[in-house]
Amino acid sequence: MAAKYTPEYTSKLTDVPVSQIVALAQTWGTVKPLAVRVGFGLSHWYHGDLHMQALLTLQAITGNIGIHGGGVTTFAGGLTTTAFDLVHWWNPTGTPYPVLEPMNFCDAVLKDDPYPVRAAWFMIDNFAQQMSDRNKVVRAMKALDFCVVSDYVLSATADLADVVLPACTYLEKTDLLSSNNFYLQYMPKIIDPLFESKSDLDAIALVAGKMGVGKYFDQQPDEYLRQIMHIGQSDADPTVRGLTWEQLTTEAVHLNTDPIPYVPFFNKQFPTKSGKIEFYVEMLVPFGQELCEHAEPIEASPSNPLYKKYPLVFLSTHTRFRTHSQYANLPWLLEVNNGGVGFLEINPADASARGIADNEVVRVFNDRGEMKVRARLTQAMKPGVVNCYQGGWDTIRVKHYIEGHPNNLTHQIAKPAQALIPNFPSNAAYYDCLVQVQPA
Amino acid sequence: MTSASAGGTPHHVMVIDTNRCVGCWTCAVACKEINNEPLGFWWNRILTTAPNESTTAAPPASDNIDVPHGVYPDLELAYLPVACQHCNDAPCVKVCPVQATFRRDDGTVLIDYERCIGCRYCMAACPYGVRIFNWGDAEYAPGGIVGYGRDYRTADGRLVFTAERPKGVVEKCTFCVELIDTGQEPFCVQTCPIGARVFGDLDDPGSEVSLLVNEGGAVQLHPELGTDPNVYYVPVRRRVARET
């Protein structure tokens, strides 16, 4: 593999200068410890799994796994999952229930694949705005016999509902925050639910009661939190063993980690068949991926014949002035964020080749759909790449883009190899997308 | 932390490290919150500029934020948070016909809302464009008053903060006078997530601001105008050599 991926070949694949590749390799090979923090953008590609596999392999080769200051994590880290006994929480009767992943939803509704779905209840989610291939999503949602949406704003998903249930914000309901660091933070209800809103748990419990299964939803959040973490019980997960309710509700609790500071895989034991890190992965042989190699993006590649028709890579990245589609309606943040008016970042060379001036309305399109938005000329975009920040709204009342939405352009092409992960058919490859742009 | 040197009045300065500022606007939003600024009002704004080691500012590449200078891939980008510079020789103080705007002993430049007559000479005089005028009744979001929320007067009784400024007065950054007078730091300093802002006493040779101004190369904006601001900026130093 080293013979194939010379700096020169890699430079051709990546457009990164040879000297920088060599400098990076020298740093990576000599600096220790070296930690890798990965943003989620790297997984917004069809081969996002290869990106992560490559990083893990590189860190393993350089001896940066299982040492303090090493490792690979997403920007958020992750440890808390073992603290929660979710198996019993989600499945009190032991009956296996199917889990339908976002990638499979549309085909379930439209084609009964993998099984028919006729009704849906959306919560903690803005599926019709944030899922890729929005035209397909809207077709699927309109094909439902019955659709309920819980939200505290009238989102694009709520627009398509038969029934909208006013939901609580996190201030109006009790929950537990464990956002991928070593701390548990009890989040008590601070104010009573406003107007007629109800927490998702309360809404579910009420419906469950009418459906005759209310006995599984008859307790309060505090009691469920005790159960989920086995508080006060000797069979609590080691990370929360000995934790008292008093501690949990009065401080930000640090999980029991051993050693301290916690070092993942410090004992060099890995949950693989061999117990070791595997550079050669047997179960990926059917997918030709047993060794981690470069693979061209599924759509956004110059070697794709589609590239002749749609020669621009379409990114829809995350603006710092929203959290995806949340907080998109806040006046102050809208003031900072171009008055809430979406824009397409495009390199001036690409713009002038198309007769597009700064701030002019353009049409962005491919075979899946289109949108209209104002162009923002900027050298920050590499020629051949355009970007329209995701998370803006396209609802009946609020339009952050002149017409349409970035997810009208994206797709739901699933990568079979990723289905090896339980309950995970595939990531959505938002960035692996080609478009053309012209004056509107 | 603010500290009076040898028990006397401190000389308050702020230093902003443009090597650290990433243009997140947290300080701007925090300022808007603590001061209950109306819709459309920003006492503190983050300008997009280019690293410039001698003068810390270059004309923007675009009217839009986040647009870098240069030509891809040789790009340059830096951010410059700008609010009242609290000048020691402030043009606004000189032109105010009713002495509503004044420089306090500690270097903070303030507006007495009970004296301001809304003539806006100060806005014409200020070379930094950091003052805002209440042309009409203020509109707010959310509905109620946020932030500090109450009146604050200097020792000699001047009203230098009120949660809802009346129509017809000018307003601007106050160095969070109500906070610094009780030993806290200005809210932008407290809330910057990356530690780009430092506040302290320039007359204390051991303070962090003194070190940054005297040895760290922190500079003022438009020093040639002779305004002698109490806000300093550490210019962008680190340049990554770009190879072709």
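Order-wise, the sequence lines are chains R and V. If you're matching positions, the first sequence starts at 171 in my numbering and goes up one per residue. If you're matching positions, the second sequence starts at 12 in my numbering and goes up one per residue. Using N, Cα and C, we set each Cβ at its ideal position, and we do this for glycine too. Model, not experiment: these values are computed from the prediction.
Specify the secondary structure class of residue i as computed by DSSP and reduced to three states.
i: GLN110(V); result: coil
i: CYS317(R); result: strand
i: ILE237(R); result: coil
i: HIS258(R); result: helix
i: PHE666(R); result: Outside the modelled stretch of chain R, which goes from 171 to 610, sits residue 666(R), for which no answer is possible.
i: ILE191(R); result: helix
i: GLN439(R); result: coil
i: TRP415(R); result: helix
i: GLN459(R); result: coil
i: MET551(R); result: coil
i: ILE122(V); result: strand
i: GLY211(V); result: strand
i: GLU182(V); result: strand
i: THR255(V); result: Note that THR255(V) scores a pLDDT of 40, beneath 50, so its modelled location is shaky; the value from the coordinates is reported in the next line. It is coil, neither helix nor strand.
i: TRP198(R); result: helix
i: LYS359(R); result: coil
i: TRP291(R); result: strand
i: ARG56(V); result: strand
i: GLY561(R); result: coil
i: ASN517(R); result: coil
Which chain V residues are close to residue i, counting only those with a beta carbon under 7 Å from its beta carbon?
i: ARG546(R); result: ASN75
i: ARG492(R); result: The premise fails here: ARG492(R) is roughly 12 Å from chain V at the closest Cβ pair, so nothing lies under 7 Å.
i: PRO501(R); result: LEU50, ALA152
In its own chain, which residues sit with a C-beta less than 7 Å from the C-beta of residue i, not counting the 5 before and 5 after it?
i: GLU271(R); result: ASN593, PHE594, PRO595
i: LEU547(R); result: ILE516, PRO518, ALA521, ASP528
i: LEU225(R); result: VAL206, VAL208, VAL242
i: VAL188(R); result: PRO177, GLU178, SER181
i: LEU590(R); result: MET453
i: TRP53(V); result: ALA39, LYS43
How many whole angstroms separate the CB atoms of residue i and residue j, which I take to be in contact at a CB cut-off of 8 Å?
i: ASP239(V); j: ASN99(V); result: 4 Å
i: GLY118(V); j: ASN241(V); result: 5 Å
i: VAL543(R); j: ILE572(R); result: 6 Å
i: ASN536(R); j: VAL605(R); result: 5 Å
i: GLY129(V); j: PHE144(V); result: 7 Å
i: VAL82(V); j: GLN190(R); result: About 18 Å separates the two Cβ atoms, so there is no contact after all.
i: ALA598(R); j: MET273(R); result: 7 Å
i: VAL483(R); j: CYS603(R); result: 7 Å
i: SER325(R); j: ASN305(R); result: At roughly 17 Å, the Cβ-Cβ gap does not stay under 8 Å, so SER325(R) and ASN305(R) are not in contact.
i: GLN417(R); j: VAL410(R); result: Between VAL410(R) and GLN417(R) the Cβ distance is about 10 Å, and since that is not below 8 Å, they are no contact.
i: THR112(V); j: CYS133(V); result: 5 Å
Please go through the same chain and pick out, in chain order, the residues whose beta-carbon is closer than 8 Å to the beta-carbon of residue i, but skip the five residues on each side of it.
i: SER473(R); result: GLU466
i: PHE365(R); result: PRO336
i: GLN96(V); result: TYR139, VAL141, GLN231, LEU232, THR238, PRO240, ASN241, VAL242
i: GLU342(R); result: LYS359, ILE360, ILE361, ASP362, PRO363, LEU364, SER367, SER369
i: MET171(R); result: LEU461, GLU463
i: HIS23(V); result: THR13, HIS97, ASP117, GLY118, THR119, PHE186, ILE191, PHE210, GLY211, ASP212, LEU213, ASN241
i: ALA136(V); result: PRO102, CYS103, LYS105, VAL106
i: ILE374(R); result: PHE387
i: LEU183(R); result: HIS464
In chain order, what residues of the same chain lie with their CB nearer than 6 Å to the CB of residue i, ignoring the 5 residues before and after it?
i: VAL26(V); result: VAL209, VAL220, LEU223, ALA229, TYR243
i: SER65(V); result: Low confidence applies here, because SER65(V) scores a pLDDT of 47, under 50, leaving its location unreliable and the question unanswered by this model.
i: GLU196(V); result: PHE210
i: VAL157(V); result: GLU44, ASN47
i: ILE583(R); result: ILE468
Since residue i meets chain R, which of its residues come closer than 9 Å, beta carbon to beta carbon?
i: PRO79(V); result: THR548, GLN549, ALA550
i: PRO51(V); result: The residue you asked about is not Pro; residue 51(V) is Gly in the sequence shown. Under the 9 Å cutoff, chain R gives GLU505.
i: LEU86(V); result: GLN549, ALA550
Using the beta-carbon of each residue, which ones in chain R are nearer than 8 Å to residue i?
i: TYR83(V); result: ASN517, GLN549, ALA550, MET551, LYS552, PRO553
i: LYS105(V); result: Within chain R, no residue comes near LYS105(V); the closest Cβ sits about 32 Å away, beyond 8 Å.
| said: Give me the subset of the stretch 171-186 of chain V whose CB atoms are less than 8 Å from a CB atom of chain R, sorted by chain position. | reply: none
| Of all the residues that make up the stretch 136-164 of chain V, which are near chain R by a beta-carbon distance shorter than 7 Å? | The stretch 136-164 of chain V vs chain R, Cβ under 7 Å: ALA152.
| request: Note down, in chain order, all residues in the stretch 551-563 of chain R with a beta-carbon under 9 Å from any beta-carbon belonging to chain V. | output: MET551, LYS552, PRO553
| said: Short of 8 Å Cβ to Cβ, which residues in the stretch 25-39 of chain V face chain R? | reply: Those would be CYS35, TRP36, ALA39, in chain order.
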